[in-house]
Amino acid sequence: MPRNYEWLTLSRWAKEYGDIVYLEAFGQPLILLNSYKVAKDLLEKAVYADRPHLEMARLSGFDKTFVLQRYNEDWRRQRKIASQDLAPRMVPRYHTFLESEARFLARDLLQDPSRLAHLISLKAGTILIRISYGHYVSTDDDPFLTLIRASMSVFTRSAAAGVFSVLLDVRVNSNIVTVKYLPPWLPGTKFLAKAKGWRDIVRKAVWAPYAKSKHSLESGGALLPNTCATALAAIGDGLSPDLEEQLVWAAGTMTAGGLETLIIGMLNLILALILNPAVQAKAQAEIDTVIGRDRLPTISDQVSLPYVRSVVVEVFRLNPPIPLGVFHALSQDDIYQGMHIPKGSIVMANIWYDEGPACEHERTLRESVLRHMLHDPEVFTDPMEFRPERYQNLDFEMEKVTSAVFGFGRRSCPGKSLAESTLFAFAATVLATCEIVPKVDKEENDMMPNVTYSSGIFR
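Counting in the UniProt record's numbering, the sequence shown runs from 1 upward without gaps.
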């Protein structure tokens, strides 16, 4: 089983074995889905809505997030809290705020483009913490932003080995469970002490901003609306300790989970505009024609700016931030196209393969890999080209992409509408106010970015 850049090896297997690949690792059944149709057919079913039990996630505290939580009543409560605030009909409440933050970011980028990555990271944190907790982050040393970044660092490190660690963790949990009960001073159990430290960080990262949000709401100092305020108003006097726990983890999941993916989306947008100046010019021309120079575009202009929206969707398609999605688990046996899929299988949707800028390991595998789902040449002509025109301004064509990027079925990301609105506001504002060009050297030659993507959960 591959330990790094898993999507490359898995795509190579798909080329040989087809749209559904069954394999076992450490005795654990693994189902790899390599086409949009198959993923849609299977993952829309309730029996595929579970997650594998991950002992390392439990030990480090992430098992309570609704991303990794089992398909149970706690998950349903958290999902309801998130949906109450982030459903498509609710997100327009945040449009004015998102537009303002996009303009602040464009201003800051114009003043100091050398701080691009830093400014985008800070702004993503500002947006998500404001929406979740009603707290405005204005500096990089904000205590809540620092905590949330620390928790995401824990998540990244605990998941660093990717698919390998997931499968090993499942089998350890099933067959050698006694290891987690051993005293941490015994040889070979140092991970228990490390996990406890991680768990303390994660718990503080979700409880501290919630406590501040609740206090600000009670004292009249909270910025409204926000997720915690919406949930507390809906719950009213029925706030039990258990329900409050679910609210805390729902808000924490939305914030931390959205942070990394929003940063990746914004950075990939800038990269795409640098590498594709003709696309940038065409999008700017659309804004000039439709909006003019008297005002800046708003999120409500999406319908009138189909090419700009297509640019955003193409960013999602070409560079999805989570190349293998989040793993599903099958809660009971299933039959699909005559194939028996056993209960307990881990199910992965292989939405990614990149033939563009890559690390050396990716390059060595490139020639033998078939692109899948978002990079399937039978669906997307020249799939590794950044080509917004491919959607022909059709909503249903764009929806195929975003539904794959944001997950399938009951486990789809509840923040999809917010993410789309945020990235559109950023894209439209930057295109209307900035010229995105590469740095130049001493001889005034363009220095095109040399991009290397990392292996792991996020890419």
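The C-beta atom is built at its ideal place from N, Cα and C for all residues, glycine as well.
Start and end residues, beta strand (DSSP E) containing residue i
{"i": "GLU24", "result": "20–25"}
{"i": "TYR336", "result": "334–336"}
{"i": "HIS340", "result": "339–341"}
{"i": "ILE346", "result": "346–349"}
{"i": "ILE31", "result": "28–33"}
Straight-line Cα distance separating residue j from residue i
{"i": "ALA358", "j": "ALA234", "result": "Low confidence applies to ALA358: its pLDDT is 43, below 50, so where it sits in the model is not reliable, and the reading given next is rough at best. Near 47 Å, if we compare the C-alpha coordinates of ALA234 and ALA358."}
{"i": "ARG12", "j": "LEU32", "result": "12 Å"}
{"i": "MET266", "j": "LEU30", "result": "33 Å"}
{"i": "PRO438", "j": "PRO209", "result": "38 Å"}
{"i": "GLN280", "j": "LEU105", "result": "18 Å"}
{"i": "PHE191", "j": "GLU55", "result": "12 Å"}
{"i": "GLY197", "j": "SER60", "result": "8 Å"}
{"i": "GLU399", "j": "SER412", "result": "13 Å"}
{"i": "PRO225", "j": "THR126", "result": "15 Å"}
{"i": "LEU262", "j": "ARG130", "result": "14 Å"}
{"i": "GLY18", "j": "ILE322", "result": "22 Å"}
{"i": "ASN445", "j": "PHE155", "result": "40 Å"}
{"i": "residue 473", "j": "PRO52", "result": "In this structure the chain extends from 1 to 459, so residue 473 is not present and cannot be described."}
{"i": "PRO414", "j": "LEU23", "result": "31 Å"}
{"i": "ALA195", "j": "TYR336", "result": "39 Å"}
{"i": "TRP75", "j": "ARG317", "result": "28 Å"}
{"i": "ALA419", "j": "PRO377", "result": "27 Å"}
{"i": "GLU314", "j": "ASP237", "result": "45 Å"}
{"i": "GLU367", "j": "SER35", "result": "Unreliable placement is indicated for GLU367, whose pLDDT of 31 sits below 50; the coordinate value is still reported in the next sentence. Straight-line Cα distance between these residues: approximately 20 Å."}
{"i": "LYS282", "j": "MET448", "result": "20 Å"}
{"i": "PRO383", "j": "ARG390", "result": "10 Å"}
{"i": "ALA349", "j": "THR381", "result": "21 Å"}
{"i": "ASP141", "j": "ARG79", "result": "30 Å"}
{"i": "ASP395", "j": "TYR307", "result": "11 Å"}
{"i": "CYS228", "j": "SER213", "result": "7 Å"}
{"i": "ARG309", "j": "GLU397", "result": "12 Å"}
{"i": "SER114", "j": "LEU239", "result": "47 Å"}
{"i": "PRO241", "j": "ASP50", "result": "25 Å"}
{"i": "SER158", "j": "VAL405", "result": "23 Å"}
{"i": "VAL21", "j": "VAL326", "result": "17 Å"}
{"i": "ALA150", "j": "LYS204", "result": "10 Å"}
Beta-carbon proximity of residue i to residue j, cut-off 8 Å
{"i": "residue 468", "j": "ALA82", "result": "The requested residue 468 is not part of the displayed model; the chain covers only 1 to 459."}
{"i": "SER403", "j": "VAL91", "result": "no"}
{"i": "ILE341", "j": "LEU324", "result": "no"}
{"i": "GLU44", "j": "GLY409", "result": "yes"}
{"i": "LEU431", "j": "GLN284", "result": "yes"}
{"i": "ASP85", "j": "THR230", "result": "yes"}
{"i": "ASP108", "j": "LEU119", "result": "yes"}
{"i": "SER132", "j": "ALA251", "result": "yes"}
{"i": "TRP207", "j": "THR65", "result": "no"}
{"i": "GLY338", "j": "LEU128", "result": "no"}
{"i": "ILE287", "j": "PRO297", "result": "yes"}
{"i": "GLN246", "j": "ARG93", "result": "no"}
{"i": "ILE201", "j": "ILE436", "result": "no"}
{"i": "ASP301", "j": "ALA428", "result": "yes"}
{"i": "GLY134", "j": "SER216", "result": "yes"}
Outcome for residue i when other beta-carbon atoms lying within 10 angstroms are tallied against a minimum of 16
{"i": "ILE299", "result": "buried"}
{"i": "LYS37", "result": "exposed"}
{"i": "HIS328", "result": "buried"}
{"i": "LYS15", "result": "exposed"}
{"i": "GLN28", "result": "buried"}
{"i": "GLN332", "result": "exposed"}
{"i": "LEU42", "result": "buried"}
{"i": "ALA46", "result": "exposed"}
{"i": "ASN175", "result": "Its pLDDT being 47, under 50, ASN175 is placed unreliably by the model, and the measurement read from it follows with that caveat. Answer is exposed; the Cβ neighbour count stays below 16."}
{"i": "TYR136", "result": "exposed"}
{"i": "ARG89", "result": "exposed"}
{"i": "SER417", "result": "buried"}
{"i": "ASN268", "result": "buried"}
{"i": "GLU260", "result": "buried"}
{"i": "LYS123", "result": "buried"}
Where the alpha helix (DSSP H) containing residue i begins and where it ends
{"i": "VAL401", "result": "395–405"}
{"i": "LEU147", "result": "143–158"}
{"i": "ALA233", "result": "227–235"}
{"i": "TYR210", "result": "190–219"}
{"i": "SER331", "result": "It is not in any alpha helix (DSSP H) - SER331 carries neither H nor E in the DSSP assignment."}
{"i": "residue 483", "result": "Because the chain is modelled from 1 through 459, residue 483 falls outside the range shown and cannot be assessed."}
{"i": "ASN268", "result": "241–275"}
{"i": "residue 505", "result": "Any property of residue 505 remains undetermined from this structure, which presents the chain solely from 1 to 459."}
{"i": "GLY325", "result": "Segment: none, GLY325 is in no alpha helix (DSSP H) and carries neither H nor E."}
{"i": "TYR133", "result": "116–133"}
{"i": "ASP50", "result": "Looking at the DSSP string, ASP50 is not in any alpha helix (DSSP H), and its letter there is neither H nor E."}
{"i": "TYR307", "result": "306–318"}
Rounded distance between the beta-carbons of residue j and residue i, thought under 8 Å
{"i": "PHE426", "j": "ALA117", "result": "With 8 Å as the limit, PHE426 and ALA117 do not qualify as a contact, their Cβ atoms being about 14 Å apart."}
{"i": "PRO320", "j": "LEU374", "result": "6 Å"}
{"i": "ALA272", "j": "PHE424", "result": "Contact doesn't hold; Cβ gap of about 14 Å is too wide."}
Min CB distance residue i to chain B below 8 Å
{"i": "VAL137", "result": "Here chain B cannot be found, since the structure has a single protein chain."}
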